[in-house]
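Under the numbering used here, think of the first position of the sequence shown as 7, with each following residue one higher.
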Amino acid sequence: MQASQRAFVGQPVAARRVQPFSAARGVVVVRAAAEPAERLRLHNLSPQKGSRRDEKRKGRGYGGHQGGTCGFGTRGQKARSGSGTRPGFEGGQMPLYRRLPKLRGIAGGMSAGLPKYVVVNLDDLDKAFEAGSEVTLDAIQSKGLLNISGRDTKLGLKVLGSGSLSKALTIKADAFSASASEKIGAAGGSAEAAAAKIKWTRRAHEKRVKELVAAGLDPKKEAAKAKAARAAAKKK
């Protein structure tokens with residue numbers, strides 16, 4: 007038996023599967039193979055380090071090894087059962103979160119910062135529509151330029167002037183940016199803006215009723231006609 011073979015006598019099979027190398031002349035050194043990592047088994051499962059911690063023990067008297075007051079102090083509201091106050095409570099004075107000014111707009115949770123229109127750019131319209139086409143919100147959605155859902159379905163359409171327009175289009179929208187109107191006119195098209203929605207106020211309503219009465223018309227019938235006209239326009 008050679009010297010390199012005698013070195014493996016009594017060793018496991020894994021240790022024999024190595025290649026000896028010569029460290030010096032006449033001396034044979036054998037490096038044992040690294041043992042493979044232990045496989046995941048039921049007996050070696052354990053929680054991730056730091057993911058579990060011991061339950062906090064609440065002291066109750068001297069027997070709990072936390073003193074008679076158990077860390078709650080001597081008497082008072084915070085030493086009673088069901089103790090504590092809601093977060094931000096300052097004893098009745100104006101709390102800090104009410105003293106500080108709030109953010110305006112959508113950052114403050116108000117409707118002032120919410121979008122008022124769904125927008126589309128002229129560059130997208132130029133690619134999607136042929137010359138002489140009539141562009142409406144429904145046509146834009148059918149082309150896949152806008153995917154409107156949720157509260158945005160109640161918003162109007164606004165055309166922005168990003169990009170260029172090389173063909174004449176008849177665009178019907180609720181609003182146009184200044185640059186979009188210029189580019190549409192320069193291309194020979196037309197920008198037809200829908201009538202702006204008038205905000206209801208009591209003063210404006212009373213003024214409108216007086217005008218209808220002065221013209222000999224019934225305000226209730228005229229309101230019903232206007233409502234029917236709006237419903238018919240939505241169906242189109």
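For glycine and all other residues, C-beta sits at the position ideal for the given N, C-alpha and C. Values in this document were obtained by computation on a predicted structure and should not be read as measured data.
Burial of Lys189 is indicated by the presence of at least 16 other C-beta atoms within 10 angstroms of its C-beta.
Leu128 places its beta carbon 8 Å or farther from that of Gly98. The three-state reading of DSSP puts Glu96 in coil, since its state is none of H, G, I, E or B. Note on Val165: 16 or more other CB atoms within 10 angstroms of its CB, so buried under the neighbour-count rule. Pairing Glu61 with Leu109, the inter-Cα distance amounts to about 41 Å. Phe135 sits buried, since 16 or more C-beta atoms from the chains shown fall within 10 Å of its C-beta. Leu163 counts as buried, since at least 16 other C-beta atoms from the protein chains shown sit within 10 angstroms of its C-beta.
DSSP lists Leu166 as the beta-bridge partner residues of Asn127.
According to DSSP, Thr176 shares a beta bridge with Glu140 and Ser196.
The Cβ neighbour count for Leu120, taken over all protein chains shown within 10 Å, is under 16; the residue is labelled exposed. Taking every protein chain shown into account, the CB of Phe95 has fewer than 16 other CB atoms within 10 angstroms, so this residue is exposed.
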